[in-house]
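Here the sequence shown is numbered in this note's numbering, starting from 171 and rising by one per residue. Where is the CB? At the ideal position from N, CA and C, for every residue including glycine. Single-structure report; data block below.
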Amino acid sequence: MTGTGTRHDRDGATPPQRFVISFAGFNRPWAVWIAHRLEEHGHRVALQRWDPQSSPGLTEALDDLARAGGKVVVVLSERYFSAGAHTDEEWNAALRTVTTAHPDRFAAVSLTDSPLPSAVAALEKTDLWGLDSYEAEYRVLRRLDLPTDRIGTESGRRGPRFPNDPPEVWGRVPRRNPRFTGRNDVIGRLRAALTEAPPGASTVTLLGLSGVGKTQVATEYAYRFASEYDVVWWVPAEDRPTLRERLADLAPALDLPRGAGSYGEQIRAVLEALRRGTPYHRWLLVFDGCDHPDDLTDLLPSGAGDVIITSRNREWAARHTSLVEVPLYARPESLTFIRRRAARLTGDEADQLADALEDYPLALDQTAGWLADSPIGVGEYLTLLQHRLDSHEAVTLSDDYPLPFPTALAILLNNVRENFPDALALLRLFVFFAPGRVPLRLLREFPADDVPEHLAGIVNDRIRWNAALNKLVQFSVVRLEYSDLSVEEGGGLETVQLHRMVHNIVRENLAEDEAEQLSRSVRQVLAAADPGRPTDSRLWPRYAELIPHLEPAGVLTSSNPRIQNFLLHCLRYLTLAGEYRTCLRLAETTDRIWRSTLGDDHDQVRELSYHYGGALRMLGHFRRAETLARTVADRLVAERGDRDLETLRATSTYAGVLLSTAKFDEARHLLEHAFATYRELLGEDDSTTLNAQNNVAVALRLLGRYQEAYDIDLDTLRRRERVLRVRHIATLSSGVGCAMGLRLMGRYREALARQEQGLKLHIQVLGANHPQTLRAEHNLGQCLRRSGDIPGAGTRLRSVLERSTRVFGAEFPWTLMVASDYATYLREYGDIEEARRISEDVVRGYQSQLGLAHPYSIGTVGNLGLVLRAQGERAEALSLAEQALVGMRGALGDRHPWTLGCALNATGHRNITGRLDDALDLSRETLRGAEHVLGPDHPMTLSAQIALAADLRAVREDTEASKHEDAGIKALTRTLGPQHVHTVSARQQSRPYWDFEPQP
């Protein structure tokens, strides 16, 4: 559409003009788009959010707009006229007065076809709703008497999206609340906090009490500013498994490949895509309802986008987010909201209700909703409410909920109870799932035999079900959440949103016998939904759906063996999926309950101890894990002997903890006995026997017996490939063990080839951020480094460290291991200051978790010494090197490879501090030990030989020095290649050092 040229088209360019756009906050996207288009045509524009409540009256507010200078463009909608509690008559009077006093100063665009006050005709509005961007711009320009020959022109400055065009990705954002009221100051502070944050740190937490409207504010912000984002994604964040699952769901929306394993493999790709801004630079993620910062901190994205968190937990202030408080309504907001919610109420009645409920938004919503459909007057309602406060105040009000909302809710629930028994029955069933998202799929799968009689008819009758659910929605007791997919694609209603306060109050008011019957039914449904194979990573998303409901349904306290076994399956899933903190919390609680009801010696308590102890060990609580495992093992040995299958399992578990606490020889004896006995009793290809064989290899590797460990690992791998298949999690673990063994023996090329293929399988099966995948990728980084690919190694190690820190935390044992290796990399090839900082953090972490005498604490102290040497602090470096040597000799003896490595480092420190004879003596001893333990061609042995040559040269024994140096270089050339970094360094007479590597 081109239209007819205006006077300006014919006579020349229009000089720049000034416009003031007046808009209701609800319609901000339109105001911003109109402003941008006018600016693209060379005009100056000011935005003015319409808020008549800040002025004495309507006429004064409109008059202030006219006096601002420039032409006023009013963006008309129902929201513009409902911003205050003004009648149509008041609007007509104000508009007539102002347009008469300021002729030609006002113009209007309309976004609605609803009836508006009649005096709007004086504004000569033009309609924009339902148009495309070209036609909308054309109409705006024509209404303002501006040229229309440059429609769509862009100066290169990226502007907002046309409001009728949705973001490219729009993910499960709750439906916009048509009754959303006020909160402009809160949204303004939220917007300012996001836009003024430093790059990569645009994270804001909306903080407030339950029911105060945090989610509503976040939802409204998403709609108001949708045109400024390419991606808007909503993440329910009440629990970590659900949070991770929903975050992973963003991957396909970002055109990232969907993996074949669990949803966890998608998260890293999502976070990396957001960080890089590809394919979308402008994004908004909302994490709704995260009251446990530890669940989310490591999953927060960085980059050019924005993050909003809603929470009741003020701890977010210490988590590098800006806090924006969401307060109670201001009284004018309460009045406007109540009048929208219950149109039949007068202004005085609305004020009466707001005063009684102290402007609490959720209470106003539910009570006004009840009044809207009830003939009862506000006075009578308040009398009933006051009666409730008088009779129940002591038991219903608390510090957490200081306002009388629980009492108002009780009235609503009484109405449901008296008039809608089906709705009440459904609500009572809901509260035995977790607060928040109630999975309707599970509810509808209730077997008829597992529900109380009065519920069976509802659950099995879709019409009664929907009628009951609709009544709960009608009275604002629950809220529905829908899938993003169409019904044809399998979408539709997925969950019911049940507020935590509603959940608690309904639970508290249930009779004990009814509560037990309902909770028993929910437990049976959860157990029936148990996929049954926690080792199958393809089933992990289904387990993640069940975890939040274990405690509300009473699964942890159940005495039913079927329910207990279901819980044990869930704990096993949490361990395998790397959700160690959730596993530990549930296991600790269950352990206390089961021991008090079943006794310490019960089989189920013992079974639980394996999951409990495993979580303790994986999270670094080694002493507690050791005590727990030793108690179980000692009891079974005494009762059943050391050849009983259950005893072998317990002693193997205990041995695993001993490996973590560096009691390597004791662990090896236990594990070798278990392996031999399993092989005799079960056969050498039984999966339990193979697990035991794998454990023996781990012990031997920690003892420095690398060749023996590799031989066992290789045999285990081949058997597991045949028995369990290539993609089983245990088979993948054996592959990592083999690659690690090859690397520790100095066979770097073979190790690299094996680990590259192994990592691909790990990512496909387990996901990129699973602990075992991180282990595989970490080993690949080490293989790359030892093979001479320094840039590739740095990239891998940094990536693994960042993800491990984000997913598991800085103090997680795996994180410390990777951090230690990355620090040694940085010392040689990166930022020495960062290497020192990380090294110091690692030493503190290991000393805190394991004690000063553990080899990991000792070895990382030695690594720190190398950093100090590189920084020129020679005396301090020598002290740490000698400390590490003495400590490692005491912990592992003179002939362990780690001790020999510490000795190699000590020779260098002695040399550069002038202790030449001491250095030479230790170098000779170290070379002899390395040749005996590792063989003459091992990289450490050859490093010891090159170091000895340096020490001989320092005391002018040049002939012997040349002999050792030539032999070392020839051996390095033969085993590693002439261009390998070690070979080149040896030719350049650069003294070799040894990096301590903590092992998994």
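- A buried status is given to H1079, since no fewer than 16 other beta-carbon atoms sit within 10 Å of its beta-carbon.
- Distance between L914 and Y876, taken at the CA atoms: about 7 Å.
- Annotation for R510: the continuous alpha helix (DSSP H) segment containing it runs R501 to R511.
- The residues P330, F332, P333 and S397, in chain order, have a CB closer than 7 Å to that of W203 in the same chain once the five nearest residues on each side in sequence are set aside.
- Put simply, the stretch 380 to 392 does not touch the stretch 406 to 413. Fewer than three CB pairs are less than 8 Å apart.
- Inter-segment contact for the stretch 505 to 520 and the stretch 349 to 357 is present: three or more beta-carbon pairs are separated by less than 8 Å.
- Here V906 is buried. Its C-beta has 16 or more other C-beta atoms within 10 Å.
- One Cα belongs to N939, the other to G1138, and the distance between them is close to 41 Å.
- Membership of I479 in any alpha helix (DSSP H) is not indicated; the residue belongs instead to the beta strand (DSSP E) covering D476 to S481.
- According to the DSSP assignment, E442 belongs to no beta strand (DSSP E) but to the alpha helix (DSSP H) extending over E435 to R446.
- Burial state of K384 is buried, judged by a 10 Å Cβ sphere holding 16 or more other Cβ atoms.
- Between L469 and T375, the CB-CB gap reaches or exceeds 8 Å.
- Here the alpha carbon of R275 sits roughly 40 Å from the alpha carbon of L534.
- A straight-line Cα-Cα distance of about 44 Å links I321 and S481.
- In this structure, T823 is the residue among A1141, T823, E686 and E1004 with its C-alpha nearest to the C-alpha of R838.
- Close CB contacts of F602 within its chain, under the 7 Å cut and outside five residues either way in sequence, are with L688, S689, V692, P722 and A723 (chain order).
- Leaving aside the five residues that flank R501 on each side, the residues in its chain whose CB is nearer than 7 Å to its CB run, in chain order, A524 and D529.
- Assigned with DSSP and collapsed to three states, W404 falls in strand.
- The C-beta distance from H673 to P605 rounds to 4 Å, short enough to meet the 8 Å contact threshold.
- Closest by C-alpha distance to G1015, out of R997, W486 and P983, is P983.
- A direct Cα-to-Cα measurement between I1002 and A1089 gives close to 26 Å.
- A straight line joining the alpha-carbon of A538 with that of E442 spans about 46 Å.
- In this structure, the straight-line span from the alpha carbon of R489 to that of R359 is close to 19 Å.
- For Y450, the closest alpha carbon among the candidates L971, D319, E338 and G627 is that of E338.
- Going by beta carbons, V405 and L426 fall outside the 8 Å limit.
- Relative to I882, the option among R895, T801, V970 and N861 whose CA is nearest is N861.
- In the three-state reduction of the DSSP assignment, L498 falls in the coil class.
- Restricting attention to V242, L314, A292 and V868, the CA atom closest to the CA of L217 is found in V242.
- Following the DSSP letters along the chain, one finds S974 in no beta strand (DSSP E) but inside the alpha helix (DSSP H) bounded by residues I960 to F978.
- For H1134 against L1118, the beta-carbon gap comes to about 5 Å, under 8 Å, which counts as contact.
- Nearest Cα to S974 within the set R438, R313, A681 and N735: R438.
- Separation of the CB atoms of H1150 and G958 is rounded to 5 Å, and the pair is thereby assigned contact status at 8 Å.
- The three-state reading of DSSP puts G341 in strand, counting E and B together.
- 8 Å or more divides the Cβ of H1102 from the Cβ of R1161.
- Scanning the stretch 997 to 1059 for uninterrupted alpha helix (DSSP H) segments of 4 residues or longer gives 1002 to 1020 and 1025 to 1040, listed from N- to C-terminal end.
- With 16 or more other Cβ atoms from the protein chains shown falling within 10 Å of its own Cβ, A1114 counts as buried.
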